[in-house]
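Anchor point for the sequence shown: position 468 equals 469 in my numbering, and the numbering is continuous, going up by one each time. Reviewing the structure listed below.
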Amino acid sequence: MRFRRLLPGLLFAGLIGAWIVALLLVFGSLDRNTRQQFQRIEASQRLLTAMLDQEIGARGYLTTFETAFLEPYNAARRDFDQLMEQELRGARTREARDSLLRMRVAADRWRELAAADISVMAYRDRAVEAALREREGPIDAFRAEHEHYQDMLERQRDERADALLIRAAVLIVAISLGLGGVAYLVLRRESLRERRFGRAQAEFATAMQSAADEREADRLLKRHLERELEDVDVTVLRRGGSGERLEAGTPPADAGIVDALADARPRVCLAVRRGADHEQDAAEPLVECEICGAAGPSSCRPLVVGDGVIGAVHIRDPAGRVARGERVVEESLTQAAPILAGLRTLALAQSRASTDALTGLPNRWALEDTLKRMHAQATRSHRPLAFVLLDIDYFKRLNDTWGHDTGDRALAAVGDALRSHLRESDLAARSGGEEFAVLLPDTPVEGALRVAEELRRAIAEIDLGLERTTMTASFGIAVLGLHADDAHALMQAADRALYAAKRGGRDRVEVAAAARPIAPAPPLAEPEPEPTAS
2 MRFRRLLPGL LFAGLIGAWI VALLLVFGSL DRNTRQQFQR IEASQRLLTA MLDQEIGARG
62 YLTTFETAFL EPYNAARRDF DQLMEQELRG ARTREARDSL LRMRVAADRW RELAAADISV
122 MAYRDRAVEA ALREREGPID AFRAEHEHYQ DMLERQRDER ADALLIRAAV LIVAISLGLG
182 GVAYLVLRRE SLRERRFGRA QAEFATAMQS AADEREADRL LKRHLERELE DVDVTVLRRG
242 GSGERLEAGT PPADAGIVDA LADARPRVCL AVRRGADHEQ DAAEPLVECE ICGAAGPSSC
302 RPLVVGDGVI GAVHIRDPAG RVARGERVVE ESLTQAAPIL AGLRTLALAQ SRASTDALTG
362 LPNRWALEDT LKRMHAQATR SHRPLAFVLL DIDYFKRLND TWGHDTGDRA LAAVGDALRS
422 HLRESDLAAR SGGEEFAVLL PDTPVEGALR VAEELRRAIA EIDLGLERTT MTASFGIAVL
482 GLHADDAHAL MQAADRALYA AKRGGRDRVE VAAAARPIAP APPLAEPEPE PTAS
């Protein structure tokens, strides 16, 4: 059975060998002939160049009377004589020799005229022009004969090449008749396989490039490998944002991997640690991978970008499919790794660009971007949008008295308080320094007042562990459509209300003055006092 599988390959190799021997014999002769003819053509071209260099040198001298032009003239003359002798010695046919002799006659005639012109050296412009026109005749005759000589050399080359090619064609046809049957079957099968492979990889590459984020790209990589290899379970492993954790980018199919990844560091995966493939089979290895060892026979491949390893792909492979699909795995990971790295870098950059590092809240850039989107949505839906601006009271005094570390703790605590008292649809952001902002979609002024009062009380309850020191904040509220018609004006209205709260004694909430007359709102109920311990 094994011999039958090898027989087509052996036959194919034998026919290929015979074909190669025949082609080497024929094309060896063709190559030698072609090389010789090219050398003749190249020498002929150098002959023309030397002739033209003489004309250039003579013309330069007769035009400028500078003797420097005579040096290239004399050098080109010597080269021409040497090349002409070589060509005459190498001429194989009478036609070639006669053509060379006619070129030499034209060159000698030109030399006589050039020598006479150079010896006078007293031309006026018109005399120089007349001499140039007189020398054009021999030059044109030389060029015409040179062109005829070149055509003759090329014709001889083509005739010899045609004869050799006819012999080569006969041999090739004879061998191809035997080779064709085997080659057709083998190449057709390989072509179909390559076509399918190319389509699958192109589809995969297109899908990866259009992935919206790293999670989607991880799922695409898993699905592609499982579809192409069959009977395997793929888990994409990636390093966390800090690079200190190893986590699953796709849900692990094996419970052992889930347990192994609990609080796992990248070094527990041998493929990530070494930056090289790791194979786990049934035999007990000298060094066992904590991830692969938990899943049985498997293959783990690193995702390498440049000199760094950004993760790995774990393939549980009880049927040994990876060995037969090695090319699929290798090319897929090569395509996927830079895309995954780019998506991760983009996600980190977006997060860092839009997040305040101290509080973890969105920063001013993210606030303004979100405000634009919420403003557009509120305008389309004709729903209210409240903007609350708050500022920590006497924050500079807190910083100066207790130090910047305490100030940082205070800012972080305010961020936590905002997060814990807002809806998922709301947005709290640090707009700069000790100033924070809150966006409340679908919230009228009454609702914004209630939220601001809750936040004011929550901030007042923050315990920084400082003796005789409490923290308060002042709030300004503005509502889209009531206090302003665009995002910028809304922020300005809230800012004016905030400063009104500061001027009014701090630790209070103020609403911006209405931009247009409105019906009076019902009075707000005072918040019930919190019970005190008796």
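Yeah, the Cβ is synthetic: ideal placement off N, Cα and C, and Gly gets one too.
Coil, strand or helix - residue i by DSSP
| i | result |
| --- | --- |
| Cys270 | coil |
| Ser421 | helix |
| Asp80 | helix |
| Arg93 | coil |
| Gly257 | helix |
| Ala263 | coil |
| Pro385 | coil |
| Asp234 | strand |
| Ala485 | strand |
| Val288 | coil |
| Ile17 | helix |
| Ala123 | Reliability fails at Ala123, whose pLDDT of 47 lies under 50, so the model's placement of it is uncertain and the value that follows must be treated cautiously. In this structure, Ala123 counts as coil in the three-state DSSP scheme. |
| Ser426 | coil |
| Asp464 | coil |
| Phe205 | helix |
| Thr471 | coil |
| Glu67 | coil |
| Ser211 | coil |
| Gly505 | coil |
Residue i at chain B interface by Cβ criterion, 8 Å
| i | result |
| --- | --- |
| Arg240 | The chain labelled as chain B is not found in the depicted structure, where only one protein chain is given. |
Distance CB(residue i)-CB(residue j) smaller than 8 Å
| i | j | result |
| --- | --- | --- |
| Val480 | Leu390 | no |
| Arg266 | Gly250 | no |
| Leu510 | Ile460 | Just to set this straight, residue 510 is Val in the shown sequence, not Leu. Not closer than 8 Å, so no. |
| Ala338 | Ile316 | no |
| Arg302 | Val273 | no |
| Leu362 | Ala453 | no |
| Glu248 | Val269 | no |
| Ala92 | Tyr74 | no |
| Leu499 | Asp394 | no |
| Ala359 | Asp409 | At residue 359 the sequence reads Leu, which differs from the Ala that was named. Contact: yes. |
| Asp278 | Ser300 | yes |
| Ala77 | Asp54 | yes |
| Asp232 | Ala324 | no |
| Met153 | Glu96 | yes |
| Glu215 | Ala354 | no |
| Gln157 | Ile42 | no |
Residues sharing a beta bridge with residue i, DSSP
| i | result |
| --- | --- |
| Ser300 | Glu280, Ile316 |
| Thr356 | Pro363 |
| Gly477 | Leu390, Glu511 |
| Arg239 | Glu248, Gly312 |
| Phe437 | Leu391, Arg431 |
| Pro442 | Leu386 |
| Ala342 | According to DSSP, which records beta bridges pairwise, Ala342 is partnered with nothing at all. |
| Val306 | Gly309 |
Between the CA atoms of residue j and residue i - distance to the nearest angstrom
| i | j | result |
| --- | --- | --- |
| Ala1 | Ala170 | A question about residue 1 goes unanswered here, because the residues of the chain that appear run from 2 up to 535. |
| Ala494 | Leu441 | 15 Å |
| Leu368 | Ala201 | 43 Å |
| Leu412 | Asn400 | 11 Å |
| Phe437 | Lys397 | 15 Å |
| Ala414 | Arg507 | 19 Å |
| Gly404 | Asp464 | 16 Å |
| Glu72 | Arg112 | 15 Å |
| Glu88 | Gln336 | 58 Å |
| Pro252 | Thr236 | 7 Å |
| Tyr124 | Thr68 | Bear in mind that a pLDDT of 49 at Tyr124, under 50, signals an unreliable position, so the model cannot answer this. |
| Arg497 | Ala513 | 7 Å |
| Arg374 | Asp357 | 20 Å |
| Asp406 | Leu334 | 46 Å |
| Gly29 | Leu102 | 33 Å |
| Arg220 | Leu186 | 37 Å |
| Glu217 | Glu289 | 31 Å |
| Ser382 | Asp487 | 15 Å |
| Ala350 | Asp264 | 25 Å |
| Glu204 | Asp234 | 21 Å |
| Arg469 | Lys503 | 22 Å |
| Arg90 | Glu56 | 25 Å |
| Leu193 | His225 | 19 Å |
Practice task
Assess, as a yes-or-no matter, whether the segment 47-60 is touched by the segment 78-87 under the definition of 3 or more beta carbon pairs within less than 8 Å.
Solution key: yes
Exercise for the section: Could you say if the segment 414-424 and the segment 331-350 meet the contact criterion of at least three C-beta pairs nearer than 8 Å? Expected result: no
Exercise for the section: Check whether the segment 449-460 touches the segment 420-432, counting contact only when three or more Cβ pairs, one atom from each stretch, lie closer than 8 Å. Expected result: yes
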